[in-house]
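For reference, the structure is listed below as structure tokens.
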Amino acid sequence: MTKNPGFMFLICPDSHFLHERLEALTADAAAERRVYWGDEEPPPRFWEDLTQQGLFGKPRVLVARQAHLWPAAVWKKISAALGRPSEQCRPFFCLETAWEKGQPKLPAHIKKLRCMAFAEQQGWIWKNEGLTERTIRRHVQERARALRVPFEEDAFEQFCASVPADASAVENELRKLRLLLDSLEDQRQPEPPRVTAALLGGAGWSPESNVFACIRHMEAGNLPAVWKELSRSRHDPESLFFPLLSLLARDIRLLWQCRMGENVRMHPSEAAFKQQLAARLGATGLATAMGMLMDAEWQVKSGRRGVEQSLDMLAADFTALCARSR
13 MTKNPGFMFL ICPDSHFLHE RLEALTADAA AERRVYWGDE EPPPRFWEDL
63 TQQGLFGKPR VLVARQAHLW PAAVWKKISA ALGRPSEQCR PFFCLETAWE
113 KGQPKLPAHI KKLRCMAFAE QQGWIWKNEG LTERTIRRHV QERARALRVP
163 FEEDAFEQFC ASVPADASAV ENELRKLRLL LDSLEDQRQP EPPRVTAALL
213 GGAGWSPESN VFACIRHMEA GNLPAVWKEL SRSRHDPESL FFPLLSLLAR
263 DIRLLWQCRM GENVRMHPSE AAFKQQLAAR LGATGLATAM GMLMDAEWQV
313 KSGRRGVEQS LDMLAADFTA LCARSR
């Protein structure tokens, strides 16, 4: 570790890009890595890691994931501690917020911190918007070249339109295609195989509609993104409808527990959003949401409505309910 290692803010909503940047920044650090999450108050060990001084202290890398979730009081204390940095500790604060109009939507109490202003002056802030509809084509192109996945032009357009704007998803789907091409190469075709539209449309590969992404978009009130996810299951809407009902019902029960003040275990990246959504919807909104699920299932099982029609109506109504609560 260097004598005055400083600290860094990593501002990015995509965990894949965030992980890559962290690995690059800490590749040469012979230090113990300690990871904390912003969905709960920092424990005493966090403050010890951040402030502990001494000639014989072990070097350590401190990584704070979802750090934008910490309240103003915690950040005020962190900012004060960073004014007297420990020579044994190199902190990285990951602010994994959504972006709007090319800028991260950071909490006001973080923007105003003295440590944030100082980091800006020192060049200790790394920003990455993640993948968007504007940047996904170039990213797919670069990763496809690196993984040796050649596309025909129409297949490339089809892939970019169907894969989620998430770097991990892009990576996983391209690796699947590489394996598929390897199996075709084993058949000793006269020319190296390429990804074609027919190959994407066949049984060998399909970017399945991500039911979890669909629920996230519905709860965020983002109807265009919901339609994009649903469009991937038009050939078999039933494969999405019933899992979606089950997972939405589970989510509504979880939101109800949040609304009632119960201690609910949630993924750190979702905790703050879920709690805010539960508060916005309130008891009436959550009861309405559960009623939508029951009605959608009854309409299908009674034969009054087809699966695709019920799926579309549920998606539109539930998304509108969440959008109105914002």
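Under the working numbering, the first residue of the sequence shown carries the number 13, and numbering increases by one thereafter.
For each residue, glycine too, the CB sits at the ideal point set by N, CA and C.
Beta bridge counterpart(s) of residue i as assigned by DSSP
| i | result |
| --- | --- |
| Met20 | Phe104 |
| Arg46 | Leu74 |
| Trp310 | Looking at the DSSP assignment, Trp310 forms no beta bridge with any residue, so it has no partner. |
| Gln115 | Glu112 |
| Phe163 | Val207 |
| Lys139 | Ile23 |
Beta-carbon contacts of residue i that lie in its chain and below 6 Å, excluding the five residues immediately before and after
| i | result |
| --- | --- |
| Val73 | Thr38, Ala41, Ala43, Arg45 and Arg102 |
| Gly50 | Gln78, Ala79, Leu81 and Trp82 |
| Arg271 | Ala290 |
| Ser91 | Leu125, Arg126 and Cys127 |
| Ala335 | Gly233 |
| Asp166 | Ala209 |
| Arg146 | none |
| Gln269 | Val276 |
| Phe253 | Val319 and Leu323 |
Outcome for residue i when other beta-carbon atoms lying within 10 angstroms are tallied against a minimum of 16
| i | result |
| --- | --- |
| Ser322 | buried |
| Ala215 | With a pLDDT of 43 at Ala215, under the threshold of 50, the predicted position of this residue should be treated as unreliable, and no value is reported. |
| Glu52 | exposed |
| Ser82 | Before going on, a small fix: residue 82 reads as Trp here, not Ser. Classification of Trp82: buried, given that the 10 Å Cβ count is 16 or more. |
| Phe224 | exposed |
| Leu159 | exposed |
| Ala295 | exposed |
| Ala85 | exposed |
| Trp87 | buried |
| Glu185 | buried |
| Val47 | exposed |
| Ala120 | exposed |
| Ala36 | exposed |
| Ala301 | buried |
Alpha-carbon to alpha-carbon, residue j and residue i
| i | j | result |
| --- | --- | --- |
| Leu293 | Ala308 | 20 Å |
| Asn234 | Lys240 | 10 Å |
| Cys127 | Pro71 | 22 Å |
| Gln153 | Ala299 | 46 Å |
| Leu191 | Lys313 | 40 Å |
| Glu231 | Val276 | 18 Å |
| Ile174 | Leu212 | Before going further, note that residue 174 is Ser rather than Ile in the sequence given. Distance between the alpha carbons of Ser174 and Leu212: 10 Å. |
| Lys285 | Glu203 | Just to set this straight, residue 285 is Phe in the shown sequence, not Lys. Going by the C-alpha atoms only, they are around 50 Å apart. |
| Glu320 | Ala76 | 43 Å |
| Pro54 | Pro25 | 21 Å |
| Gln134 | Gln288 | 35 Å |
| Arg265 | Glu250 | 23 Å |
| Glu7 | Ile122 | Only positions 13 to 338 of the chain appear in this structure, which leaves residue 7 out of reach. |
| Gly273 | Glu169 | 47 Å |
| Trp111 | Ser27 | 14 Å |
| Phe58 | Pro236 | 41 Å |
| Leu267 | Lys89 | 31 Å |
| Met325 | Pro56 | 49 Å |
| His31 | Gly315 | 48 Å |
Presumed contact (8 Å Cβ cut-off) between residue i and residue j, rounded CB distance
| i | j | result |
| --- | --- | --- |
| Phe330 | Met306 | In fact, because the Cβ distance is near 12 Å, the residues do not count as touching under 8 Å. |
| Pro116 | Lys139 | 7 Å |
| Asp142 | Phe29 | For the sequence presented, residue 142 should be read as Gly rather than Asp. Indeed they touch by this definition, with Cβ atoms about 6 Å apart. |
| His151 | Ala181 | Rounded, the Cβ-Cβ distance is 11 Å, inconsistent with contact. |
Chain-order list of residues whose beta-carbon lies under 8 Å from that of residue i (same chain, five-residue window excluded)
| i | result |
| --- | --- |
| Leu118 | Ile23, His80, Leu107 and Thr109 |
| Phe19 | Leu94, Pro97, Arg102, Pro103, Phe104, Phe105, Cys127, Ala131 and Trp136 |
| Ile227 | Leu256, Leu259, Leu260 and Asp263 |
| Arg33 | Leu22, Cys24, Trp138 and Asn140 |
| Ile148 | Cys172, Val175, Ala177 and Val182 |
Residues near residue i by beta carbon distance below 7 Å, same chain, minus five either side
| i | result |
| --- | --- |
| Gly297 | Leu333 and Ser337 |
| Phe163 | Ala156, Phe171, Arg206 and Val207 |
| Ala327 | Met230, Val238 and Leu242 |
| Asp61 | Arg46, Arg72, Leu74 and Cys101 |
| Thr144 | Ala177 |
| Val161 | Leu186, Leu189, Arg190, Leu193 and Val207 |
| Arg317 | Gln311 |
Residue i: CB within 7 Å of a non-hydrogen atom of the ligand ATP
| i | result |
| --- | --- |
| Thr300 | Of ligands this structure carries none, so the ligand ATP is not represented either. |
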